[in-house]
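Only one structure is covered here, and it is reproduced in the block below.
There are 2 protein chains.
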Amino acid sequence: MNGVPRNEAPPALEIQAERFLADLEAVAAIGRLPDAAGGGRERRPFSSAHWAAREFLMDGARRAGLEVQIDPAGNVSARLPGPTADAPTLLLGSHLDTVPHGGPYDGALGVLAGLEVLRVLAESGIPRRCGVEVVDFTDEEGRFGDLFGSRALSGQLTREQAVAFLERAGAYPEDLARARERIPGGLSPEAVLQARRPPESLAGYLELHIEQGPRLERAGVSIGIVTAIFGRRSWLATFRGRRDHAGTTPMEVRSDALVAAAELIRELPQWVSEAVPQGVATCGNIQVDPGVYNVVPGRAVVWIEARAATLEELDRLEQGIRERAAKAAGAVGGQWALRSTARSEPTPMDPAVRALLHRAAARRGVPCLDLPSGAGHDAQMLARITPTGMLFVPSVEGRSHCPQEFTRPEDRVIGAQVLLDAVVEWVVEPRAA
Amino acid sequence: MNGVPRNEAPPALEIQAERFLADLEAVAAIGRLPDAAGGGRERRPFSSAHWAAREFLMDGARRAGLEVQIDPAGNVSARLPGPTADAPTLLLGSHLDTVPHGGPYDGALGVLAGLEVLRVLAESGIPRRCGVEVVDFTDEEGRFGDLFGSRALSGQLTREQAVAFLERAGAYPEDLARARERIPGGLSPEAVLQARRPPESLAGYLELHIEQGPRLERAGVSIGIVTAIFGRRSWLATFRGRRDHAGTTPMEVRSDALVAAAELIRELPQWVSEAVPQGVATCGNIQVDPGVYNVVPGRAVVWIEARAATLEELDRLEQGIRERAAKAAGAVGGQWALRSTARSEPTPMDPAVRALLHRAAARRGVPCLDLPSGAGHDAQMLARITPTGMLFVPSVEGRSHCPQEFTRPEDRVIGAQVLLDAVVEWVVEPRAA
Numbered sequence: 001m002n003g004v005p006r007n008e009a010p011p012a013l014e015i016q017a018e019r020f021l022a023d024l025e026a027v028a029a030i031g032r033l034p035d036a037a038g039g040g041r042e043r044r045p046f047s048s049a050h051w052a053a054r055e056f057l058m059d060g061a062r063r064a065g066l067e068v069q070i071d072p073a074g075n076v077s078a079r080l081p082g083p084t085a086d087a088p089t090l091l092l093g094s095h096l097d098t099v100p101h102g103g104p105y106d107g108a109l110g111v112l113a114g115l116e117v118l119r120v121l122a123e124s125g126i127p128r129r130c131g132v133e134v135v136d137f138t139d140e141e142g143r144f145g146d147l148f149g150s151r152a153l154s155g156q157l158t159r160e161q162a163v164a165f166l167e168r169a170g171a172y173p174e175d176l177a178r179a180r181e182r183i184p185g186g187l188s189p190e191a192v193l194q195a196r197r198p199p200e201s202l203a204g205y206l207e208l209h210i211e212q213g214p215r216l217e218r219a220g221v222s223i224g225i226v227t228a229i230f231g232r233r234s235w236l237a238t239f240r241g242r243r244d245h246a247g248t249t250p251m252e253v254r255s256d257a258l259v260a261a262a263e264l265i266r267e268l269p270q271w272v273s274e275a276v277p278q279g280v281a282t283c284g285n286i287q288v289d290p291g292v293y294n295v296v297p298g299r300a301v302v303w304i305e306a307r308a309a310t311l312e313e314l315d316r317l318e319q320g321i322r323e324r325a326a327k328a329a330g331a332v333g334g335q336w337a338l339r340s341t342a343r344s345e346p347t348p349m350d351p352a353v354r355a356l357l358h359r360a361a362a363r364r365g366v367p368c369l370d371l372p373s374g375a376g377h378d379a380q381m382l383a384r385i386t387p388t389g390m391l392f393v394p395s396v397e398g399r400s401h402c403p404q405e406f407t408r409p410e411d412r413v414i415g416a417q418v419l420l421d422a423v424v425e426w427v428v429e430p431r432a433a
Numbered sequence: 434m435n436g437v438p439r440n441e442a443p444p445a446l447e448i449q450a451e452r453f454l455a456d457l458e459a460v461a462a463i464g465r466l467p468d469a470a471g472g473g474r475e476r477r478p479f480s481s482a483h484w485a486a487r488e489f490l491m492d493g494a495r496r497a498g499l500e501v502q503i504d505p506a507g508n509v510s511a512r513l514p515g516p517t518a519d520a521p522t523l524l525l526g527s528h529l530d531t532v533p534h535g536g537p538y539d540g541a542l543g544v545l546a547g548l549e550v551l552r553v554l555a556e557s558g559i560p561r562r563c564g565v566e567v568v569d570f571t572d573e574e575g576r577f578g579d580l581f582g583s584r585a586l587s588g589q590l591t592r593e594q595a596v597a598f599l600e601r602a603g604a605y606p607e608d609l610a611r612a613r614e615r616i617p618g619g620l621s622p623e624a625v626l627q628a629r630r631p632p633e634s635l636a637g638y639l640e641l642h643i644e645q646g647p648r649l650e651r652a653g654v655s656i657g658i659v660t661a662i663f664g665r666r667s668w669l670a671t672f673r674g675r676r677d678h679a680g681t682t683p684m685e686v687r688s689d690a691l692v693a694a695a696e697l698i699r700e701l702p703q704w705v706s707e708a709v710p711q712g713v714a715t716c717g718n719i720q721v722d723p724g725v726y727n728v729v730p731g732r733a734v735v736w737i738e739a740r741a742a743t744l745e746e747l748d749r750l751e752q753g754i755r756e757r758a759a760k761a762a763g764a765v766g767g768q769w770a771l772r773s774t775a776r777s778e779p780t781p782m783d784p785a786v787r788a789l790l791h792r793a794a795a796r797r798g799v800p801c802l803d804l805p806s807g808a809g810h811d812a813q814m815l816a817r818i819t820p821t822g823m824l825f826v827p828s829v830e831g832r833s834h835c836p837q838e839f840t841r842p843e844d845r846v847i848g849a850q851v852l853l854d855a856v857v858e859w860v861v862e863p864r865a866a
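Residue numbers (the working numbering), protein chains in the order written: chain A, 1 to 433; chain B, 434 to 866.
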């Protein structure tokens, strides 16, 4: 099978909402932190809570008769095989790890919806033209290495990145030892690189995720279809002025580096809203030297990032940041420099997969919204090697990465149902006319 | 003798410029740091370099036949006695300690000019109606306790402050042991409080200091006569917004605490220039929470201080800061709070002493400028208990607390000469008409 199929009348299967919602609540309870300790839950990769969630997934998969495996990058998956040994596999996935004090559904929603889809497919007995597999990717949140599992599986992990991941993990010897016991190949860099799947073995990739932003809720729509995952650039902007005594230096002769930095920080949001309405830019931190009450700041370093769905928009954001930094430094007679610290390109989703997702939502009569993803996802790794699409469901008040993160149960169920419908159209042979 | 005398034709004595300038260079070389280590000099209180400078002072004083003593707060002084045991003493003074990487003349100028004044007076043999004493105050720069020596001598040190000073000094056991050996009473809190001088034992206090700001240089004037030492208030301004994902939260729905802080930081300088032109306000530092690239800042804490010569101006600055903080927080839909962290009142200089200093400058034909002191000085402690005045000489480019601090030799000499002339008018009996 090549490409994304089109099938106007696939069979209608139904997810079992009660079973699926119960799974979500069970996993949300794993790694829970007391409110007094900040609340939410913490399933950092390779922690004991993380493995507990993975055991829950593997147990559910085994009970549904699925093949369970752990690959050399630690990705856990459950598989419903294809008709032949060389049939490609449609991957579903997301991640069971969380940030500290994370919310209940970030990552877990996509993994458990995938499990539910596989269960329904298995129970239906309908013949499929390819395999279907749900993957819980290792360390999506980047405790040791951003999108580590999906980077490895998609063949984009370098040996240097694997070594750096293991070095960072080495700071948590218990967690690393636990992972080495469970993961085939013991997480040696050579073994990790073997997690790569050849693109021809894959049919495509679908991911259901919470939006982590407020757009769907504000639009009153339950399904978002991702157009692209934002590219991201980050910089350190350094402003230099002149250190002076804060008591003896009149205002009009100062060259205050912090005032220049403040000018940029303050001007940026309004300008971005007007110039690149679909993009974002954030000043997340600032460090001042010498950073005391009684000295006019001689240096200020601002941490800036910008994200957008297209290269043209990212270029426009970068250009605007440079122009505003120059103007702000000039206004205090100071100097400035912008040093790039990270860069990732925008990742468009596959148009045919987007069309498939739209058809699935339309068949259920569910309104949906095309929107870009401001957050990074495993889908951006898979999109480089196989036709990829993403579904979003609404985050209440747009909150995420915090205990307050929430998605209403009806939206969780609709998300899983549309995912199932899309998978069915993809993998089930059209009936002979 | 009560009050500040007026004597239209005091005898004219001359300082020995060469001797005085050589003393300054000798002390400037003590504690010097290599350029590779940041340059300047470092004579932190009780360090070995600090005592080396004090030994230089005591040696010079002994050779001039002066009485040398160290009081229980570690203040080093040299004294030319009065005509009777109960005659009051006119104090001259400043400090030999420096900040790290300090300049050559901050503090040292006033101490060594005082030594020179005493030498010339002693050599002149002219009868005096009071004693004259030069004091090198302990820890003016506040390594362990702001204005510690002058606070103790003027009876304004509390037992709690003495204990806190000793606790901080205890972090440097070698320095503290060295000080305890040399200081009578061994720096016990009880002993330190004995450094207090009864106000009736003093005639007044005069201090020559570098300006540490650019006003004299910009006015092309060699002598500044201080009108008042600025009062100072400092605060922590806390802005609260809402932490959000920096990739997924559109610009228009954010409540960014750092943007609010930036608004205040950027608006303040222009407003202060217009509203309180003689005052200053500075944002010296800012701390952002969580302070990472990819989270919209939920909290930002700004370190603010304001200084002015009058209570009315300080109140106006505080009011303006509050109004601007409220407006900035409101603009992002956030909250704010201002917490006071320190407060000192403005200290006016004695009008009769200012008039005496003006007469001394006028007799030499030296133009002078009335100006407030933006920095704190030992004079602000002495002014509470005895008639006090301060002379400033220009700082090149207004620099201080850095290796680049400099005052031209001719200005150093004029400063010492005007100080001598003022002392002569103060302490020499008018000739019978």
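Glycine is no exception: its CB is placed at the ideal position from the N, C-alpha and C atoms.
Show which residues of chain B have a CB atom less than 7 Å away from the CB atom of residue i.
i	result
A:M251	P702, V705, S706, V713
Give the interface partners of residue i over in chain A, defined as CB-CB distance under 8 Å, in chain order.
i	result
B:C835	R243
B:P647	T249, P250, V253
Can you grab the Cα-Cα spacing for the pair residue i / residue j, in whole Å?
i	j	result
B:A624	B:M782	30 Å
B:D677	B:T821	56 Å
A:S254	B:R666	Per the sequence presented here, residue 254 of chain A reads as Arg, with Ser not at that position. Computed Cα separation, rounded: 20 Å.
B:E549	B:A849	8 Å
B:F453	A:R322	53 Å
B:D456	B:A652	28 Å
B:L697	B:L744	23 Å
A:A17	A:S395	19 Å
A:A379	A:S150	8 Å
A:R307	A:A275	13 Å
B:P467	B:E475	11 Å
Would residue i count as contacting chain A if we go by Cβ distances under 8 Å?
i	result
B:P781	no
B:R687	yes
B:G753	no
B:V501	no
B:V829	no
B:F663	yes
B:M434	Reliability fails at B:M434, whose pLDDT of 46 lies under 50, so the model's placement of it is uncertain and the value that follows must be treated cautiously. It does not; no Cβ of chain A falls within 8 Å.
Pull the bridge partners of residue i from the DSSP assignment, please.
i	result
B:P781	B:A661
A:Q69	A:S77
A:T84	None; A:T84 has no bridge partner.
B:N718	B:W736
B:D569	B:V509, B:S527
B:L802	B:G657
Which chain B residues are close to residue i, counting only those with a beta carbon under 8 Å from its beta carbon?
i	result
A:R307	A679, G680
A:S234	Y726
A:V288	G717, N718, I719
A:A108	Within 8 Å Cβ-Cβ: nothing; A:A108 doesn't reach chain B, min ~17 Å.
Contact defined as beta carbons within less than 8 Å: I believe residue i pairs with residue j. What is the distance between those atoms, to the nearest angstrom?
i	j	result
A:L357	A:L391	6 Å
A:T138	A:G74	4 Å
A:P88	A:S201	6 Å
B:Q768	B:A762	6 Å
Of all Cβ atoms in chain B, is any one closer than 8 Å to the Cβ of residue i?
i	result
A:Y293	yes
A:G415	no
A:G374	yes
A:W336	no
A:W51	no
A:W303	yes
Identify the contact partners of residue i in chain A, using a Cβ-Cβ distance below 7 Å as the criterion.
i	result
B:V729	T282
Interface residues of chain A around residue i at Cβ under 9 Å?
i	result
B:I698	D256, L258, V259, A261, A262, E263, I265, R266
B:E644	T248
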